[in-house]
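Trainee:
Residue numbers (the UniProt record's numbering), protein chains in the order written: chain R, 1 to 348; chain P, 1 to 234.
1. For residue 193(R) and residue 121(R), I'd like the C-alpha separation in whole angstroms.
2. Assign residue 45(P) to one of two classes, buried (16 or more other C-beta atoms within 10 Å of its C-beta) or exposed (fewer than that).
3. Ordered along the chain, which non-local residues of its own chain (more than five positions away) have a Cβ less than 8 Å from that of residue 244(R)?
4. Quick check on residue 136(P): buried or exposed, where buried means 16 or more other Cβ atoms within 10 Å of its Cβ?
5. To the nearest angstrom, how far is it from the Cα of residue 117(R) to the Cα of residue 153(P)?
6. Quick check on the DSSP output: what are the complete beta strand (DSSP E) runs of length 3 or more inside the region 184–212 of chain P, in order along the chain?
7. Buried or exposed: residue 151(R), going by 16 or more other Cβ atoms within 10 Å of its Cβ?
8. On the DSSP letters alone, give me the boundaries of the alpha helix (DSSP H) that residue 108(P) sits inside.
9. Quick one: residues in its chain with C-beta nearer than 6 Å to the C-beta of residue 90(R), no 5 flanking neighbours on either side, listed in chain order?
10. Comparing alpha-carbon positions, which option in 122(P), 6(P), 187(P) and 141(P) lies nearest residue 170(P)?
11. Indicate whether at least one CB of chain P lies closer than 8 Å to the CB of residue 71(R).
12. Using a C-beta to C-beta distance shorter than 7 Å, which residues of chain P count as neighbours of residue 212(R)?
13. Using a Cβ-Cβ cut-off of less than 9 Å, give me the residues of the region 193–210 of chain R that come near chain A, in sequence order.
14. Can you tell me whether residue 196(P) is buried or exposed, with buried defined as 16 or more other CB within 10 angstroms of its CB?
15. Could you give the DSSP three-state label for residue 26(P): helix, strand or coil?
16. In angstroms, rounded to a whole number, what distance separates the CA positions of residue 208(R) and residue 157(P)?
17. Going by alpha carbons, who is nearest to residue 168(R) out of 138(R), 220(R), 237(R) and 227(R)?
18. Distance cutoff 8 Å, beta carbons only. Does residue 191(R) sit that close to anything in chain P?
19. I'd like to know if the region 105–112 of chain P and the region 70–86 of chain P are in contact, where contact means that at least 3 CB-CB pairs between them fall below 8 Å.
20. Please tell me whether residue 95(P) has its Cβ less than 8 Å away from any Cβ of chain R.
21. Mapping the DSSP letters down to three states, classify residue 7(P) as helix, strand or coil.
22. Going by the CB atoms, is the gap between residue 139(R) and residue 113(R) shorter than 8 Å?
23. Taking the alpha-carbon positions, what's the residue 253(R) to residue 76(R) distance?
24. For residue 119(R), which residues of its own chain have a beta-carbon under 6 Å away from its beta-carbon, when the five flanking residues on both sides are left out?
25. Output the boundary residues of the beta strand (DSSP E) element that contains residue 159(P).
26. According to DSSP, simplified to helix, strand and coil, what is residue 60(P)?
27. Compare the Cα-Cα distances from residue 163(R) to each of 242(R), 125(R) and 325(R) and report the closest residue.
28. Report the neighbours of residue 327(R) on chain P: residues whose CB is nearer than 7 Å to its CB, in chain order.
29. Residues of chain R with CB under 8 Å from residue 48(P), in chain order?
30. Less than 8 Å between the CB atoms is what I'm expecting for residue 173(P) and residue 162(P), so what's the real figure, rounded?
31. Just confirm the distance between the C-beta atoms of residue 141(R) and residue 60(R), as a whole number of angstroms; I'd bet it's less than 8 Å.
32. How is the beta strand (DSSP E) around residue 80(P) delimited, first residue to last?
33. For residue 80(P), go through chain R and note every residue whose CB falls closer than 8 Å to its CB, in chain order.
34. What does residue 98(P) reach in chain R if we use C-beta pairs closer than 7 Å?
35. Which full runs of the alpha helix (DSSP H) of 4+ residues lie inside the region 190–221 of chain R, going along the chain?
36. The alpha helix (DSSP H) that contains residue 312(R), what's its start and end?
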């Protein structure tokens, strides 16, 4: 065991190193590469917050993209410059049409509205378990899509809102990512987290210990939704367009896949899964246009990236059904003892 | 301390308990005996509010338990040590024990109780940071008992603590239950192992197909021909 102060120092150094690297990347790399790095950051935050709900509390939600949509739209409407707002969304009620908030308050309000949605739908839905809960949260995603498509005055329906200011940059993304990881880490290492994990293991036994099931499930669900909302808002202001289709099943499932591939009940797993599943498809995309390696030229293979990805996913799930890192966590002790700080030796 | 009056409990259309009445006085160790499907676990479920009852009343120190949500039971001073142990398999032994004290705010006292549990079950000290799922059956049962005691209960409900354990371990578990009683706690012990249970109980009830068939002191029950034939293999 290393002492706590040393660990804190290491963590601080690692953070500084991360931001120095990001700073250098920001100067040297092309906007295309920076966009990928930013997407990695957003996805990490989304998957880590999803892991809190799905992995640590066992509330298997498929509604994450729905909360992203809520956050993205709320933040987009709030932060849209007044001049553009008058043209793009002329039907907005006056109190909304005449506000233009700066980025930070828009993000936070977006997250809060997503959390409130989670509270409203969570109260009835969280009585369900397992598959039923998953289907119910999927239903929420459908409802959100329909509402956004129909609420023309606020959202321009299927056309979406374009022309958002590109507020999101590397700093916004990665500071948000670090905050998300920190908050989730604090939660799972507190009595709240212990209660959540007890619910995941055995809800009846947890209840017998005095854990209020509804309260803790709701808490995990709402915290997850809050970060999903902010993540969605950041994403919207990176791409600068939001449409109902931006937050469909595809997105929910790609987040769940990242979470499962990395390891559902681990923050480290979330980080690994999100990074890999964002970067690998980008790299594979190069294959599609055809490359020449050592005189042998490979013709363009359209769709190959999807096929390779699917095969990789199947292999990972067969070889490591609990995800790449399982439910282990990164720890500085790792370097000292050459051994993972195992929360769970049962896995292997 | 604990009073059940004409309790009727149904699973769908199947009646599991028929007019069950029983009482446990403060400081007593009461055993509830019966074969598989007699309604022992259902009785405990009714008491710990995990299954609603259709008719009858359940009172604990004057509180009507039928109106209390299950997670508030711990606050009243009732701990349930469930059947099949049900430890939190992927959490460590220490985390399991800490969960037992989930609703307690007196951190210093919790620490002291933790030490006491470790001194009662030295095996748990060795396995402190190991995940509970990797423990042997007997160790898991000790952990489940320790976890139940961490809430400082007035009344402890044990559901088949000897189930599936080696005879030597069963002996140890019963010793511990006796110790718990000697500390002044009240115990309701549900067991199939009638002989062992009667050895430490003050009084016992015998359940059969959802109704209380017999009631009495261990001596009375042990001399009863029916009990001997049905449960003691005599």
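From the three backbone atoms N, C-alpha and C, an ideal C-beta is built for every residue, glycine too. If you're wondering where the values come from, they're calculated on a predicted model, not measured in any experiment.
Mentor: From the atom records:
1. C-alpha separation (whole angstroms): 22 Å.
2. Burial call: buried.
3. These residues qualify, in order along the chain: 69, 145, 148, 149, 155, 157, 158 and 160.
4. Within a 10 Å sphere around the beta-carbon of residue 136(P) sit fewer than 16 other beta-carbons, which makes this residue exposed.
5. Residue 117(R) and residue 153(P): Cα-Cα distance of roughly 39 Å.
6. Look at the region 184–212 of chain P and you find these whole runs of beta strand (DSSP E), each 3 residues long or longer: 186–191 and 203–208.
7. Exposed, by the Cβ-count rule.
8. In the DSSP annotation of this structure, the continuous segment of the alpha helix (DSSP H) that includes residue 108(P) starts and ends at 107–120.
9. Here residue 90(R) has no same chain residue with a Cβ atom under 6 Å from its own Cβ, once five neighbours each way along the sequence are excluded.
10. For the residues 122(P), 6(P), 187(P) and 141(P), the minimum Cα distance to residue 170(P) belongs to 141(P).
11. Cβ-Cβ to chain P under 8 Å: no for residue 71(R).
12. From the beta-carbon of residue 212(R), the residues of chain P found nearer than 7 Å are 71.
13. Looking for chain A here will not work: the only protein chains present are R and P.
14. Per the 10 Å Cβ criterion, buried.
15. In this structure, residue 26(P) counts as coil in the three-state DSSP scheme.
16. In this structure, the straight-line span from the alpha carbon of residue 208(R) to that of residue 157(P) is close to 11 Å.
17. Nearest C-alpha to residue 168(R): 237(R).
18. Interface residue, yes.
19. Using a C-beta cut-off of 8 Å, the region 105–112 of chain P makes no contact with the region 70–86 of chain P, since fewer than three inter-stretch Cβ pairs fall below that distance.
20. Contact of residue 95(P) with chain R is assigned, a C-beta pair being separated by under 8 Å.
21. DSSP places residue 7(P) in strand when its eight states are reduced to three.
22. In this structure, residue 139(R) does not lie closer than 8 Å to residue 113(R) by Cβ.
23. Here the C-alpha atom of residue 253(R) lies approximately 24 Å from the C-alpha atom of residue 76(R).
24. Excluding positions up to five away in sequence, the list reads 222.
25. Start and end: 155–159.
26. Taken through DSSP and simplified to helix, strand or coil, residue 60(P) comes out as strand.
27. With distances taken between Cα atoms, residue 163(R) lies closest to 242(R).
28. Per Cβ cutoff of 7 Å: 90.
29. Here the neighbours are 208.
30. Yes, they are in contact, since the Cβ atoms of residue 173(P) and residue 162(P) sit about 6 Å apart, within 8 Å.
31. With a Cβ gap of about 14 Å, residue 141(R) and residue 60(R) do not count as contacting.
32. 78–81 is the extent of the beta strand (DSSP E) around residue 80(P).
33. Those within 8 Å of residue 80(P) in chain R are 208.
34. Per Cβ cutoff of 7 Å: 194.
35. DSSP runs (the alpha helix (DSSP H)) wholly in the region 190–221 of chain R: 191–201 and 203–208.
36. Its alpha helix (DSSP H) spans residues 304–319.
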